[in-house]
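The next block holds one structure in the form of structure tokens; read it before the comments.
Chains as they are written, first to last, in the numbering used here: chain A, 1 to 252; chain B, 1001 to 1470; chain C, 2001 to 2481.
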């Protein structure tokens, strides 16, 4: 199993957000995590990637057979965990090219390899940009600075293509995207999908799942996965809304 | 009347006057006040009047003002003036209690301290010093930084009367309180009124402070106002300054805020020979917020000097400053905003903005927007601009058939409204809005707000408010 | 938080690489400052009478002055009688070629990465190397003289071009200007001189490298750059000093004159020894730099990267006298540990349609204090002038200070002045974003700081920019709060 989350409990500022979550993911799988706002979807992404201020009080996150809870975020990244941010932050003055090159070289160093020569790097950038239909200008600009919503999300998928992660988490990548950008982002993901990697797609709507077909759909509610199923579950959710889930859970 | 040639002569005169008064007027003081006076005069004596060399007075030259002789009343004067005609508030529908000061002394209704059922005390500071020594002891002259300014020390040394307001815990004062200070005397006069306003916890107050002249004679008003704002309390403060061209107003405002308190203070300067607003805000309690605004419209040879010092002493406070000014003719202006963020005052948000328009090449403005920051988790910014009216906007308006004069007026007014809009009391805002319009059209002189209309006797006198209130 | 603090404690500062001392024979004046000291210096330099007079006038004026106190800095009083005002590497004989330069000196500059051997320079940069009080070697003089460009030590200029020196010295920074300018004018020992004749674009970068080596000495050099009509020059200045426990004084003057349509770019990477992490030792850097845009359409641009010195007191300025002249100031000032910097610019608009730009980026870390102080003055006759200033501060850690003290004065209605300032820190979001892409916190800070300073660094000549970028990274490794 690539990722195995066991009985995860997590607090933010003393308030429990995730309350005993279990999730197992194998290579070659796409998992969708759905659920109403504020049920802990983004928190789960933060927990897997190691964001500070998210205190795991119980349980473990096992990735490639190792509990990664004590691992700093950059090492998790270098082990192949990638997060496509819901709100990618702007870093003024730092060019995308410089940023990506630094990131790639740190990955390579971690793998005990030599840094990538500049020409090879630029070639790789050009190749990968095509996957998400990014025009060259974007990579000359500072990281996310002045990018439109769609550009920011495309840029996230572009970085994913550059770093070739094993486990990618897409946090609400579809939010704020128009239909064209959504198609481009989804195509990008489908192109990158292999039998050797896995995806977690966090989304509120079923829309994205029309383009990226999930193997499993999980409903996260009040810090727990309360329902799991196949693609049909997403369609059912779209039809019935989340109230149905809420009622079902409150009736317990 | 005495004529002096140098500021240090005036200084000597004042320190001598103090010595004389110690055994006469001040001999009845409570010990606490008496000790304060002695300390304050010593501080004043040591520092003297500020000169152009003082960093905080750079650009404001007091030499001329301080080279004159001034008379100071240490007793209330009986004047043959119809007080009912002297004090007028032209604000329609403005439900307000008026406290009137004539030449620095409380007159009329509130000369006697009034205590209301809910415990609010309003009236003369002189009387409060007698009646409420415990409150005076706790608050009087306790403001942050107050002893660092020699004008404030001078005031402390001589202050006898002014406005005293005490609002107990949990009391919301519904009616706005308006203080109207008028100088009316036929000789150069030095006035040093002192105001003390105390808000307990969970209380609120609206306070309007008007400084007006009724004639065109020389005066020097060195006024000090201290505010103590308790936890969760709100103060809404507006200063309206409309004085003659021979007047000098040194207005020092000290605002001391406890946790979660909220203060909005507006300095609207429409006229005055030399106006200096010292605004000191001490954010002493977490979660407190201060909004400090100002508008100045100066022409002729008028001089305006606004100094704002906002001290973020603790974490989680916010402040925002906006000062805008239009300077015409040979008017000169200074704005100095100083945001201090102390070590550990984390999570501070502080913003400061100063925008100026010069209408003539003879007008000048200096702006000094300072930031002094010792904590890292802060969001602070300042901006300052100096320029003329937007020429493109001018052209746009004129291309729509608006005359150049009207276009200019519209743009100046638009420039000023950003500050005016921050005044929360509707009738007051409308009134100030009206005065600003008049001012911009050149129609407002101090005679317009003064009911005496000595300069233009043909004008009819309107009394828009119920005179029985004053 | 604790993790970050650990990094902060661990790497309080990148090592100061230039802290070594060279053992060279030095000739010094006795400690202290009197008229005799000045006569000694002037005599040593075999100066013409007018120079001695200039020095003595300056000295007599200096004696009447008091050290300024308005800057946001503090230091124990400086004992001006406890300083050696003249120190020079002992010369065996007149230098004819590089072979005759003391090999130890050559080694010193090699260690500093400054090659004095012309043929070994990859790109064309002419260097004037100044050690302690005197210039030891100026390269590429021959190449330059073909274009009529004079680039030599100040002393040589006094001997060979006394008229030019007489005409321009003190014309931009008079000895009466301020305390340290008066001090420098009395005791300055050497420095660089540069003259670009009419219509000449200087084909290579010129640079001066200043090095303090001897102990207990002050360094007082003086640079004069004259750009005649329609000329152009780009000038660079670098400096380092050994690590010593006592503070050393550096009080320099730089004067620039730009005539009609002339353009001068002056770039500095200031890396004087900043003292150790407890604030012991380091250079007190009190410098007066000013350019005069004397001609119409002239332009002077200052770019500075300030990383060194225990105290920096420095306000490179432009007097925009010629109509349509342009003044620019780009600055990155980094302070760490107990460093104090009070730096900024003055733009005095006198000519019509003059323009100025100030971009200042302060970075504070450790226990340091970093202040921007600047003056923008638009006089009555400077109609239609423009200024734009932006002063940003970045705080790394909660024990340092970042301050902004701009003075903005406008005396006419047709000019426009805009000033903006912000204060920020590196956000946790930015760090996490970098971490999530596999970039370590240290490298992330390096990236972000260089990004923050990019606007200024991009103004530097190429080889300086690379050096400056590295310097920023070394200085701030791990200091995040």
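Beta carbons: idealized from backbone N, C-alpha and C, even for Gly. The structure presented is a predicted model; accordingly, all values stated were derived computationally and were not measured.
Is there a C-beta anywhere in chain B that falls below 7 Å from the one on residue 2407/C? yes
Measuring straight from C-alpha to C-alpha, what distance separates residue 2256/C and residue 75/A? Whole-angstrom Cα-Cα distance: 52 Å.
Return helix, strand or coil for residue 1207/B, following the three-state DSSP convention. strand
Where does residue 2417/C land, buried or exposed, given buried means 16+ other C-beta within 10 angstroms? buried
When the distance is taken between beta carbons, is residue 1066/B closer than 7 Å to residue 1049/B? yes
In chain order, which alpha helix (DSSP H) runs of at least 4 residues are fully inside the region 2177 to 2236 of chain C? 2179 to 2187
For chain A, is any of its Cβ atoms less than 7 Å away from the one on residue 2436/C? yes
For residue 1378/B, which residues in chain C fall below 7 Å Cβ to Cβ? 2423
Can you find the residues in the same chain that come closer than 6 Å, C-beta to C-beta, to residue 1015/B, ignoring five residues on each side of it along the sequence? 1045
Compile a chain-ordered list of the residues in the region 2031 to 2055 of chain C whose CB is closer than 9 Å to at least one CB of chain A. none
Counting Cβ pairs, one atom from each stretch, are 3 or more of them under 8 Å apart for the region 2163 to 2174 of chain C and the region 2273 to 2283 of chain C? no
Assuming residue 2286/C contacts residue 2180/C (C-beta within less than 8 Å), just tell me the rounded distance between them. 4 Å
Can you name the residues of chain A whose CB is closer than 7 Å to the CB of residue 2146/C? Those within 7 Å of residue 2146/C in chain A number zero; the least Cβ separation is about 37 Å.
Anticipated Cβ contact below 8 Å, residue 2469/C with residue 2450/C, distance rounded: 6 Å
Residue 2390/C in three-state terms, based on DSSP: Looking at residue 2390/C - three-state DSSP - the assignment turns out to be strand.
Quick check on DSSP: helix, strand or coil for residue 1399/B? helix
Own chain, CB closer than 7 Å to residue 1369/B, minus 5 neighbours either side, in chain order: 1337, 1352, 1354, 1382, 1384
Below 6 Å CB to CB, which residues in the same chain sit around residue 1143/B once its five sequence neighbours on both sides are set aside? 1226, 1254, 1256
Give the single residue among 2323/C, 2327/C, 2281/C whose Cα lies nearest to the Cα of residue 2310/C. 2281/C
Starting from residue 1179/B, trace the alpha helix (DSSP H) both ways and give me its first and last residue. Taken as a continuous stretch (DSSP letters only), residue 1179/B belongs to no alpha helix (DSSP H), being part of the beta strand (DSSP E) at 1176 to 1183.
From what residue to what residue does the beta strand (DSSP E) around residue 1345/B run? Per DSSP, residue 1345/B belongs to no beta strand (DSSP E) and is neither H nor E.
Tell me residue 2406/C's beta-bridge partners as DSSP assigns them. In the DSSP output, where bridge partners are listed per residue, residue 2406/C has 2374/C.
Partners in chain A for residue 2451/C, counting only beta-carbon separations shorter than 7 Å: 91, 92, 93, 94, 142
CB of residue 1282/B to nearest heavy atom of the ligand ADP: below 6 Å? For the ligand ADP, the structure offers nothing, since it holds no ligand at all.
Cutoff 7 Å: residue 2380/C Cβ touching any chain B Cβ: yes
What residues are listed by DSSP as bridge partners for residue 2270/C? 2239/C, 2306/C
Using a threshold of 7 Å, state whether the C-beta atoms of residue 2363/C and residue 2321/C are closer than that. The answer is no: Cβ separation not under 7 Å.
Helix, strand or coil, according to DSSP, for residue 1414/B in the structure here? helix
Quick one: using the 10 Å Cβ neighbour count with 16 as the cut-off for buried, is residue 171/A buried or exposed? buried
Say whether the region 1277 to 1286 of chain B touches the region 1307 to 1315 of chain B, bearing in mind that this needs 3 or more beta-carbon pairs closer than 8 Å, one atom from each stretch. yes
8 Å contact criterion, which residue 1070/B and residue 1121/B should meet: CB distance rounded: Actually they are not in contact, since the Cβ atoms of residue 1070/B and residue 1121/B sit about 32 Å apart, beyond 8 Å.
Leaving out the 5 sequence neighbours to the left and right, which residues in its chain are closer than 6 Å to residue 56/A when beta-carbon positions are compared? 10, 69
In three-state DSSP terms, what is residue 162/A? helix
Taking the beta strand (DSSP E) that residue 112/A belongs to, which residues open and close that run? First-last for residue 112/A: undefined, no H or E at that position.
In this structure, does DSSP put residue 197/A in helix, strand or coil? coil
So, residue 2189/C versus residue 2175/C, is the Cβ gap smaller than 7 Å? no
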